[in-house]
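J.: Residue numbers (full-length UniProt numbering), protein chains in the order written: chain A, 1 to 264; chain B, 1 to 342. Built from N, CA and C at the ideal position, the CB exists for glycine as well. Note that the structure is a prediction, hence the values are computed from the model and not measured. Handing you this structure, nothing more for now.
Following this line, the structure appears as structure tokens:
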């Protein structure tokens, strides 16, 4: 194992500091007893956290986001796994087209997608529907799952599948007992990335959510355009905590370097 | 009829002939190696037998049954892959038990069969480990156990030893042969390593550019290679041009197709004698020490000749030493011209 020199370590430290500092500031501000976003802050208080939990609209928005992210990530995974397996191992007409199509939502700005979907959903008469909001999320998060599952599917030893076949495994058993467990880190990592992306998504959701289906980020955005108070910091701190907890869980179960870097 | 029979088996990828009209008959209990350089079609042949590669034309018969187009699962063959292909998420026990579970064997019978086969490959103490916790040789043995436990009619080994380091490779060669003899299973092994093929096979099939060029027992193959290519690929050989009256009279006097003769003389068949005597005079160019052997490169009027002598304790020749070369005339082989030009 080679060690980093002092210069590289210093640089890495700066990058980490640059990325972490805003999060740390938000979390610190969330504990202020004062009425404004102030740092340094006098004393320590949970009043703004209490304020969050007293806001039924925020609680509702949180549940909306949670259910939305969960169902959208799951549906995206159900689409991405067969797609990734097909793209990684078969050559068929239109393969590159499908591969590009699946990955294209990453390139198209969410703003553009949002406007387009707003118009489309209005034409279809499904504006404000939770199902269609979820499908819109599926479109933008599927690429994340696909990329991770694709990497996993390309990385596995195909001869293990051949071995299972020759040992008598049928197609379903083969997928269920051999292929899926082998690509599971990619699938779980993809699901998680999709979940986080859906949970954080604001640009597209602003266009296609209604008051009844408002997500937490949209609720926060709307709230922030009206007033800035430390409650926003408290909500942000809670979101950060939830995300961090999910990441730690994933690290425990599979290891983050495997999911994000692809190490085995 | 042989137990496993290939009739004019061919595989074509687009315009490329990977395997051309290959005939092979393997008897029950026999250990046969498919030997050849990479790209010669030996692995494709094995994969066609296993059912992973579709057959373009020809026929595969197993115990009289036509399995040419059968699915891998219904062939019931044991396959050991170059990469071992163990299931990484399963313990050694579960890896080995997989084929039996697929066959819906009762749990108690699975347990006893797995135990027996793990004892056979000497892995019983590691049954609960995962593949990543095992050494290369141990993984190899798990792969072997997993293939053997289903009691397949034929065991197919695809370069089973190429991922092992040299010492372990030799040990596993003997191990594979021991297990094969203990079980008495018909075995077909693909290898590019001639030493491996010679040491453990009953018969060796040499393949070049998709075609079988010689099938013989290892000793016959080594002593009587049919072509120049085989003579050079299987063991080391001094290949000498024509005029063999000066070299001693070869056993078989025959002209090869285009009238050119190639003579083959194994390096270890040549004795070094005092300069002035022997069939040929030469001068030592350089020498290499291999522990049990000395290898000399000797400059002669016929070109450079390699001689291998056992390290029997006598003083080796120095560079530049003048020396005579002597060999029994009947050990000089006449080779046919290569049938297949790569």
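Alpha carbon to alpha carbon, how far is residue 34 (chain B) from residue 124 (chain B)? Give it in angstroms, no decimals.
T.: By 1-based counting over the second chain, the position of residue 124 (chain B) is 124. By 1-based counting over the second chain, the position of residue 34 (chain B) is 34. Their Cα atoms are separated by approximately 31 Å.
J.: Of the residues B:147, B:319 and B:91, which one's Cα is nearest the Cα of residue 285 (chain B)?
T.: Counting from 1 along the second chain, the entry for residue 285 (chain B) is found at position 285. Comparing Cα-Cα distances from residue 285 (chain B) to each of B:147, B:319 and B:91, the minimum goes to B:319.
J.: Around the Cβ of residue 27 (chain B), are there at least 16 other Cβ atoms within 10 angstroms (buried) or fewer (exposed)?
T.: Sequence index remark: in the second chain, residue 27 (chain B) carries index 27 (1-based). Per the 10 Å Cβ criterion, exposed.
J.: Using C-beta distances below 7 Å, list every residue in its chain close to residue 216 (chain B), excluding the 5 sequence neighbours before and after it, in chain order.
T.: Taking the second chain and counting its residues from 1, one reaches residue 216 (chain B) at position 216. Excluding sequence neighbours, residue 216 (chain B) sits near 203 and 204.
J.: Examine chain B for any beta-carbon lying closer than 8 Å to the beta-carbon of residue 170 (chain A), and answer yes or no.
T.: Taking the first chain and counting its residues from 1, one reaches residue 170 (chain A) at position 170. Yes, contact with chain B.
J.: Report yes or no: do three or more beta-carbon pairs, one from the stretch 170–182 of chain A and one from the stretch 42–50 of chain A, lie closer than 8 Å?
T.: Taking 8 Å as the limit for Cβ pairs, the verdict is that the stretch 42–50 of chain A does not touch the stretch 170–182 of chain A.
J.: Following the continuous beta strand (DSSP E) through residue 57 (chain A), name the residue where it begins and the one where it ends.
T.: By 1-based counting over the first chain, the position of residue 57 (chain A) is 57. That residue, residue 57 (chain A), is in no beta strand (DSSP E); its alpha helix (DSSP H) goes 56–89.
J.: Decide if residue 197 (chain A) is buried, meaning its Cβ has at least 16 other Cβ atoms within 10 Å, or exposed.
T.: On the first chain, position 197 is the one that residue 197 (chain A) refers to. The residue is buried, with at least 16 neighbouring Cβ atoms inside 10 Å.
J.: Distance, Cα to Cα, residue 154 (chain A) vs residue 120 (chain A)?
T.: In the first chain, counting from the first residue as 1, residue 154 (chain A) sits at position 154. In the first chain, counting from the first residue as 1, residue 120 (chain A) sits at position 120. Approximately 36 Å between the Cα atoms of the pair.
J.: What residue does the alpha helix (DSSP H) around residue 176 (chain A) start on, and which one ends it?
T.: By 1-based counting over the first chain, the position of residue 176 (chain A) is 176. Careful: residue 176 (chain A) lies outside any alpha helix (DSSP H) and carries neither H nor E.
J.: When the Cα atoms are used, what is the spatial distance from residue 75 (chain B) to residue 328 (chain B)?
T.: For this step, residue 75 (chain B) is matched to residue 75 along the second chain. For this step, residue 328 (chain B) is matched to residue 328 along the second chain. Cα-Cα distance, rounded: 50 Å.
J.: Figure out for me which residue from B:316, B:303 and B:85 has the closest Cα to the Cα of residue 162 (chain A).
T.: To locate residue 162 (chain A), count along the first chain from 1; it is residue 162. Comparing Cα positions, the closest option is B:85.
J.: Mind checking the stretch 61–84 of chain B against chain A and listing, in chain order, the residues whose C-beta falls within less than 9 Å of any C-beta there?
T.: Listed by position along the chain: 71, 72, 73, 74, 75, 76, 77, 78, 79, 80, 81, 82, 83 and 84.
J.: Going by C-alpha to C-alpha distance, which of B:64, B:133, B:48 and B:117 sits closest to residue 87 (chain B)?
T.: Start at 1 with the first residue of the second chain, and residue 87 (chain B) comes out as number 87. Nearest of B:64, B:133, B:48 and B:117 to residue 87 (chain B), Cα basis: B:133.
J.: When we look at the beta-carbon of residue 40 (chain B) and count the other beta-carbons within 10 Å, is it buried (16 or more) or exposed?
T.: Counting from 1 along the second chain, the entry for residue 40 (chain B) is found at position 40. Buried, because 16 or more other Cβ atoms sit within 10 Å of the Cβ of residue 40 (chain B).
J.: Span of the beta strand (DSSP E) holding residue 189 (chain B)?
T.: Here residue 189 (chain B) is taken as the residue at index 189 of the second chain, counted from 1. Start and end: 186–191.
J.: To be precise: take each residue of the stretch 281–315 of chain B, compare its Cβ to all Cβ atoms of chain A, and keep it if any distance is under 8 Å. Which residues remain?
T.: Residues: none.
J.: Residue 201 (chain A) touches chain B at which residues, Cβ-Cβ below 8 Å?
T.: Taking the first residue of the first chain as 1, we reach residue 201 (chain A) at position 201. Per Cβ cutoff of 8 Å: no residues; residue 201 (chain A) is ~33 Å from chain B at best.
J.: Under 8 Å between C-beta atoms, does residue 253 (chain B) make it to chain A?
T.: Along the second chain, one-based indexing puts residue 253 (chain B) at 253. Only weak support exists for where residue 253 (chain B) lies, its pLDDT of 39 falling under 50; the value from the coordinates is given anyway. Chain A, which has no Cβ nearer than 8 Å to the Cβ of residue 253 (chain B), makes this no.
J.: What are the uninterrupted segments assigned as alpha helix (DSSP H) that are 4 or more residues long and contained completely in the stretch 176–207 of chain A, given in chain order?
T.: The stretch 176–207 of chain A contains these whole alpha helix (DSSP H) runs: 180–200.
J.: Taking only three categories from DSSP, how would you classify residue 137 (chain B)?
T.: For this step, residue 137 (chain B) is matched to residue 137 along the second chain. Residue state, collapsed to three classes: helix.
J.: With a threshold of 16 other CB atoms inside 10 Å of the CB of residue 165 (chain B), please say whether the residue is buried or exposed.
T.: Position 165 of the second chain, counting from 1, holds the residue named residue 165 (chain B). Residue 165 (chain B) should be labelled exposed.
J.: Nearest chain B C-beta to residue 162 (chain A) closer than 8 Å, yes or no?
T.: Within the first chain, residue 162 (chain A) is the residue found at index 162, counting from 1. Yes, its Cβ sits closer than 8 Å to a Cβ of chain B.
J.: For residue 182 (chain A), collect the residues of the same chain with a Cβ closer than 6 Å to its Cβ; drop the 5 residues on either side in sequence, then sort them by chain order.
T.: Taking the first residue of the first chain as position 1, residue 182 (chain A) is located at position 182. Excluding residues within five positions, the ones whose Cβ falls inside 6 Å are 156.
J.: May I ask you to verify whether the stretch 184–193 of chain B touches the stretch 148–157 of chain B, counting CB pairs closer than 8 Å and requiring at least 3?
T.: Contact holds: three or more Cβ-Cβ distances are below 8 Å.
J.: DSSP state of residue 23 (chain B), grouped into three classes?
T.: Taking the second chain and counting its residues from 1, the one referred to as residue 23 (chain B) is at position 23. In this structure, residue 23 (chain B) counts as strand in the three-state DSSP scheme.
J.: In angstroms, rounded to a whole number, what distance separates the CA positions of residue 46 (chain B) and residue 19 (chain B)?
T.: Indexing the second chain from 1 puts residue 46 (chain B) at position 46. Indexing the second chain from 1 puts residue 19 (chain B) at position 19. Roughly 11 Å between the two C-alpha positions.
J.: What is the C-beta distance between residue 297 (chain B) and residue 262 (chain B), in whole angstroms, given that I count them as a contact (C-beta under 8 Å)?
T.: By 1-based counting over the second chain, the position of residue 297 (chain B) is 297. By 1-based counting over the second chain, the position of residue 262 (chain B) is 262. The Cβ separation is near 20 Å, so there is no contact.
J.: Provide the residue span of the beta strand (DSSP E) that contains residue 207 (chain B), from first to last.
T.: In the second chain, residue 207 (chain B) corresponds to position 207, counting from 1. Its beta strand (DSSP E) spans residues 203–208.
J.: Just tell me which of B:167, B:149, B:162 and B:208 has its CA closest to the CA of residue 179 (chain B).
T.: What you label residue 179 (chain B) is simply residue 179 of the second chain in a count that begins at 1. Considering only alpha carbons, the answer is B:149.
J.: Quick check on the burial criterion: 16 or more other C-beta atoms within 10 angstroms. Buried or exposed for residue 200 (chain B)?
T.: Against the second chain, residue 200 (chain B) aligns to sequence position 200. Answer is buried; the Cβ neighbour count reaches 16.
J.: Please list, in chain order, all residues of the same chain as residue 121 (chain B) whose beta carbon is under 6 Å from its beta carbon, the five residues on each side excluded.
T.: Numbered from its first residue, the second chain carries residue 121 (chain B) at position 121. So the list reads 141, 144 and 145, once near-sequence residues are dropped.
J.: At a Cβ cut of 9 Å, what residues of the stretch 198–229 of chain A count as close to chain B, listed as they run along the chain?
T.: Of all residues in the stretch 198–229 of chain A, none has a Cβ within less than 9 Å of some Cβ in chain B.
J.: Smallest Cα separation from residue 84 (chain A): which of A:151, A:225 and A:243?
T.: Residue mapping note: residue 84 (chain A) aligns to position 84 of the first chain, counting from 1. Checking every option, the nearest Cα to that of residue 84 (chain A) belongs to A:151.
J.: Would you check if there are 3 or more beta carbon pairs closer than 8 Å linking the stretch 44–63 of chain A to the stretch 22–33 of chain A?
T.: Contact holds: three or more Cβ-Cβ distances are below 8 Å.
J.: Would you be able to state if there are at least three C-beta pairs under 8 Å between the stretch 301–309 of chain B and the stretch 271–285 of chain B?
T.: At 8 Å Cβ cutoff, the stretches touch.
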